[in-house]
Structures are given as C-alpha cells and as structure tokens.
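Peer 1: In the numbering used here, the protein residues as written are 609 to 1031. Below are the structure tokens for one structure; questions will follow.
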C-alpha cells in the first residue's frame, strides 16, 4: 500500500510540473498576444467598434471551417472529454481554439479567457497523455493529466492555489468529486501559483486593493451579505437564461458566419451606446472596482444611489454582450465575465447603502458579489468560496462562503454548460 501511494504521488507531481509549466506558458502567452493586438488596433486609427466584425469574419470564414470543434466557450469540451472519453481531446481543435479566442477577444468580442484556455491547456496535456499511453501509461492517467491542465490555467488566472484545484474538478461532477481527481488537481494548482510567484509574473486579473478602513463588523452587516447572496443567485439564473436565449436565437450550433456577424454588430452597438469597456475581456472594470478610489465608469457623471443603478446596468450589459458573443458561436469564456458581474453587483449594493469605497465592508460586499455569481452561474460553490477567500484574504471567508452557498441553492437548477446536466 505504501509503495502504491508513493507511485501515485510521484506520478501526480510529474503531471503537476508538466501541466503548470505549460499552463503558465499558455495563459501568459495568450495575454501577451491579446495586449499586443489591442496596441495594434489602437494605433491603426480605425474605430475599435468596427473590429468585432473583422474578428467574426476570420473565425467564421477561416478557423471554424478548418475546425468547427473550436467554437464556443471551451469548458464543455473539457468536461465531456474527462467525464466520457478519459480525457481525450483533439490537438487540431486545441490549436484552433487558441487562435479563435485570440481573434474573438482581441478584436472586441465580449468574453473571458479562462474557459478557452482551460480547453487549450487540457488539450495540450491530453496530447501528452496520448504519448504517455504509448509507453505504458493508462487512459485513466490521461484523464488525470487533462484535469491537471485545466487546474493549471485556473490557478494561473486567479493565483488561487486551492480554489483553482477545486474548480477544475467540482465543475465536472459536483455531487461526486473523487479524491483521485481532486488531489492531483490541487497539487497542480499549488505548484502553478508557486512558480508564478517565484518568477514574479504579473496578475492575469488586475485586482487592486487599497483598504483604508478595515473595520468589518460581520454581525451588523450579515443581513446585506445574505441579501446579496439571494441577488447573485437570481442574477445567475438571468445570466444562464440570457445565454440560452441567445444561443437558441443565434442558432449557435449551425456556426453560421452571418450569425456571428450579426452578433458582433449587436455587441458593438451595445458597447457604443453604453460603454466601450464592455468589449473584449473588460479587465479595466476589475481594476476600477477593486481599487476603492472611486475611479469608476461614469463616476464623473453619477454618484451615490444613481451610480448604484449604473452598476446594475453594466452588470446586465456585460452578461448580455458575453451571451451574444458566445451564443453566436464565437470563442469566449464565462468565468471572467462572471467575476466582473459579481463585482458590479457588490459595488452596487455598497453604493445603495452609502458604504465607503475603500472600507472593509465594501470589500466584503465585493467578494460576496463575485463569489455569489461564480457559484450560481458555474454551479461550483466550494470553488467559488475558496477562490474569493484566496483573492481577498482570509478575513473575507465568511461573506464569500455565505454568498456562494445561498447563490448556489437559488440557481442550482440552472446550467451554463450542457455537460453539467448529467453531473
């Protein structure tokens, strides 16, 4: 038994080293190319609102004709491969997924990077698993190494050593998580975060905390945390339904270039009428909301409870543009937008209550909003609570956990991913 345990551990550590190294390379190279694409567009002199049309044409006419399997969010392909195919994923679709996401998000489509990069890195690890099978490893080993690939990307994105490991497994089958899946996943996420910190790499998500007043009397404010849990649960249901409606309306499964063009025109129109930062990954919202300095969208025009309405509108618009982008068949994720929408809901609650922007209570509402929407939309309450706690700090474990559980209970019958229906 001891010898078997040592063999398992050595194998998992080898998987973790490979997955972490490749995961860091995958997501950081993608962000580098994404930023440089933005720079090229900025210096081109052409309006950014026109570029989503170009991205949809490249995806529809070139990439998806080469490989239709690279369309959509990416996470469902990972889930199906692990749950039903022992982690087997197409290398061709893996490569195409990377570039489909780059052209979608780099040219203004609204979405996140985690889901697509989970598909890319898990696909790379699955291909490595296929090579290992030829030298005596098993299909179960390939399945585990595919999970490690997903865990590494989640860890690199959130710098969450434990929550990311849970997310890669909990999203597969929340009611039946296995230690044999969970342990190598957490080892991978821990090693990945350690490598990132050792290399002093910048954060993928630009969380920027500046807590001045950290007084957080939880008993006094618990009612607002609980209320926010219900709100994020209801919002998660709306988000899932929005995506379902858009997917049905756009007939995503047909992968029509016309539908992608229509979706891009609608997304550009919404961004033009509401706010340009709704396009692409919207990282600026994360930095603005978490800085606590009041440098928020429309803060120069609105304030107080009026700004509360603006934040709710931006949360809805981010969900709508994201749903249209992915629902039309373009390549983008749901996890990043879920983070942004949750932060907006938490900030809206703070504005409604008149809470100081850089106070402990303000950040408690932010983490409750973020964890709540992550939990409700992804059906991953444990991962959402841990990720929120690891990002914001241990003192915010209670609001993150409470909101995650309440939101999950409210939205547990709603599924962003078809593959979750059977879990």
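Glycine residues also receive a C-beta, built at the ideal position from the N, C-alpha and C atoms.
Hey, out of 883, 630, 1018, 791, whose CA is closest to residue 985's CA?
Peer 2: It is 1018 whose Cα lies nearest to the Cα of residue 985.
Peer 1: Taking the runs of the beta strand (DSSP E) that are 3 residues or longer, which of them lie wholly in the segment 673 to 742?
Peer 2: Fully enclosed beta strand (DSSP E) runs of 3 or longer: not present.
Peer 1: In angstroms, rounded to a whole number, what distance separates the CA positions of residue 796 and residue 805?
Peer 2: Answer to the nearest angstrom: the Cα atoms are 14 Å apart.
Peer 1: Just reading off the alpha helix (DSSP H) that residue 761 is part of, what are its end residues?
Peer 2: Here the alpha helix (DSSP H) through residue 761 covers 747 to 766.
Peer 1: When burial is assigned at 16 or more other CB atoms within 10 Å of the CB, is residue 761 buried or exposed?
Peer 2: Classification of residue 761: buried, given that the 10 Å Cβ count is 16 or more.
Peer 1: Could you tell me which residues DSSP puts in a beta bridge with residue 895?
Peer 2: None; residue 895 has no bridge partner.
Peer 1: By DSSP, does residue 927 sit in helix, in strand, or in coil?
Peer 2: If DSSP states are grouped into helix, strand and coil, residue 927 belongs with the helices.
Peer 1: Just to confirm before moving on: does the CB-CB distance between residue 691 and residue 965 stay below 8 Å?
Peer 2: No, they are not a contact pair.
Peer 1: Tell me the rounded alpha-carbon separation between residue 961 and residue 837.
Peer 2: The straight-line gap from Cα to Cα measures roughly 16 Å.
Peer 1: Just checking my contact of residue 635 with residue 771 at CB under 8 Å: how many whole Å lie between their CB atoms?
Peer 2: Not quite, the Cβ-Cβ distance comes to about 16 Å (not below 8 Å), so this is no contact.
Peer 1: Which one of 791, 745, 742 has the shortest CA to CA distance from residue 755?
Peer 2: Closest by alpha carbon: 791.
Peer 1: Rounded to whole angstroms, what is the Cα-Cα separation between residue 800 and residue 759?
Peer 2: Rounded to whole angstroms, residue 800 to residue 759 spans 9 Å at the Cα level.
Peer 1: Do the segment 657 to 673 and the segment 735 to 752 meet, that is, are 3 or more Cβ pairs less than 8 Å apart?
Peer 2: At 8 Å Cβ cutoff, the stretches do not touch.
Peer 1: Taking only the alpha-carbon atoms, compute the straight-line gap between residue 842 and residue 928 and give it to the nearest angstrom.
Peer 2: Rounded to the nearest angstrom, the two C-alpha atoms are 15 Å apart.
Peer 1: Could you pull the start and end residues of the alpha helix (DSSP H) that residue 867 belongs to?
Peer 2: Start and end: 865 to 881.
Peer 1: Over what stretch of residues does the alpha helix (DSSP H) that includes residue 992 continue unbroken?
Peer 2: From DSSP, the alpha helix (DSSP H) with residue 992 extends over 989 to 1000.
Peer 1: Take the Cβ of residue 810 as the centre, count every other Cβ of all protein chains shown within 10 Å, and call the residue buried at 16 or more, exposed below.
Peer 2: Exposed: under 16 other Cβ atoms inside 10 Å.
Peer 1: Nearest to residue 835 by alpha carbon, out of 781, 787, 977?
Peer 2: Taking only the C-alpha atoms, the option nearest residue 835 is 977.
Peer 1: Over the uninterrupted alpha helix (DSSP H) stretch that includes residue 798, give me the two end residues.
Peer 2: From DSSP, the alpha helix (DSSP H) with residue 798 extends over 787 to 807.
Peer 1: Using 10 angstroms around the beta-carbon of residue 614, count the other beta-carbons present and answer buried if the total reaches 16, otherwise exposed.
Peer 2: Per the 10 Å Cβ criterion, exposed.
Peer 1: Express the C-alpha separation of residue 924 and residue 715 in angstroms, rounding to a whole number.
Peer 2: Roughly 22 Å between the two C-alpha positions.
Peer 1: Leaving aside the five residues before and after residue 769 along the sequence, list all residues of the same chain whose C-beta is less than 6 Å from its C-beta, in chain order.
Peer 2: Once the five neighbours on either side are set aside, the close Cβ partners of residue 769 are 797, 798, 801.
Peer 1: Looking only at its own chain, which residues have a Cβ that is under 6 Å from the Cβ of residue 890, when we skip the five neighbours before and after it?
Peer 2: For residue 890, where only same-chain residues beyond five positions count, the Cβ hits under 6 Å are 948.
Peer 1: Mind checking who residue 941 pairs with in its DSSP beta bridge?
Peer 2: Residue 941 is bridged to 720.
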